[in-house]
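Reviewing the structure listed below.
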Amino acid sequence: NAGVMQNPRHLVRRRGQEARLRCSPMKGHSHVYWYRQLPEEGLKFMVYLQKENIIDESGMPKERFSAEFPKEGPSILRIQQVVRGDSAAYFCASAPSGTGSAEQYFGPGTRLTVT
Amino acid sequence: GEDVEQSLFLSVREGDSSVINCTYTDSSSTYLYWYKQEPGAGLQLLTYIFSNMDMKQDQRLTVLLNKKDKHLSLRIADTQTGDSAIYFCAERSGNTGKLIFGQGTTLQVKP
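First to last, the sequence lines map onto chains A and B.
The first sequence runs 1 to 115 under my numbering.
The second sequence runs 1001 to 1111 under my numbering.
Structural data, given as structure tokens:
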């Protein structure tokens, strides 16, 4: 049973470029959470999605960030016009259901570096 | 508001017990978690406890929850060098299951 997969593991972008981060949840899981970890800090919630729906985006910056979880394929976190402050590790976690399951399993993360 | 606090650093000798502490503010939290993060890696779910429990034991790990004081602890018995990592406490918040994390405790195990 494959765990949560994220790619790429490392991503380097110049200021102003776009970053696309992908997350494939565990088999049978239809709920995805995205978190951001700035250097030397804990993880901060960004967004919670179910298939084709954004349920809670209270942690998403208002501009340049968007997320989707289509019916087919991975969840995508998209950052437009990246700035140096976007450099961080981005983790996704999956769960079989949202409020009905206690466990969230994390992927290995994508480490974004903006130069 | 939601906030989770942890001490930043703990150093122990191999074979000793480690106790990592955490306080949280959301009294409506249903679950509380401990995750382990090794350098450059993702988060590994170690254990979690339902809010109506006081204690949970799983092999070398013991979780204690004092709901009145909103205090959570993780005890690692017979700490090994492989336990060196950052340990994150988290509470589950609100209706959507999102997790609120502390800033992490770096555990250093000396041989």
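Ideal Cβ placement from N, Cα and C applies to all residues, glycine included.
- Query: Closer than 8 Å, CB to CB, is A/P8 near chain B or not?
  - Reply: no
- Task: Measure from the C-beta of A/A95 to each C-beta in chain B and report whether the shortest distance is under 8 Å.
- Result: yes
- Within the same chain, show all residues whose beta-carbon is closer than 8 Å to that of B/F1050, passing over the 5 residues directly before and after it, in chain order. T1030, Y1031
- Could you tell me which chain B residues have their CB closer than 8 Å to the CB of A/E103, listed as they occur along the chain? L1045, Y1048
- Where A/R84 falls: helix, strand or coil (DSSP): helix
- Task: Step through the CB atoms of chain B and report whether any lies within less than 8 Å of the CB of A/D56.
- Result: yes
- Between A/E41 and chain B, is there a C-beta pair that is closer than 8 Å? yes
- 8 Å contact criterion, which A/R75 and A/H29 should meet: CB distance rounded: Reading the sequence as shown, one finds Ser at residue 75 of chain A and not Arg. 11 Å between Cβ atoms; not a contact.
- Task: Go ahead and label B/Q1037 buried or exposed: buried means 16 or more other beta carbons lie within 10 angstroms of its beta carbon, across all protein chains shown.
- Result: buried
- Amino acids of chain B, ordered along the chain, whose beta-carbon sits closer than 8 Å to that of A/F65: None at all; the shortest Cβ gap to chain B is about 16 Å.
- Message: With three or more beta-carbon pairs closer than 8 Å as the criterion, would you say the stretch 1087 to 1096 of chain B touches the stretch 1004 to 1024 of chain B?
- Response: yes
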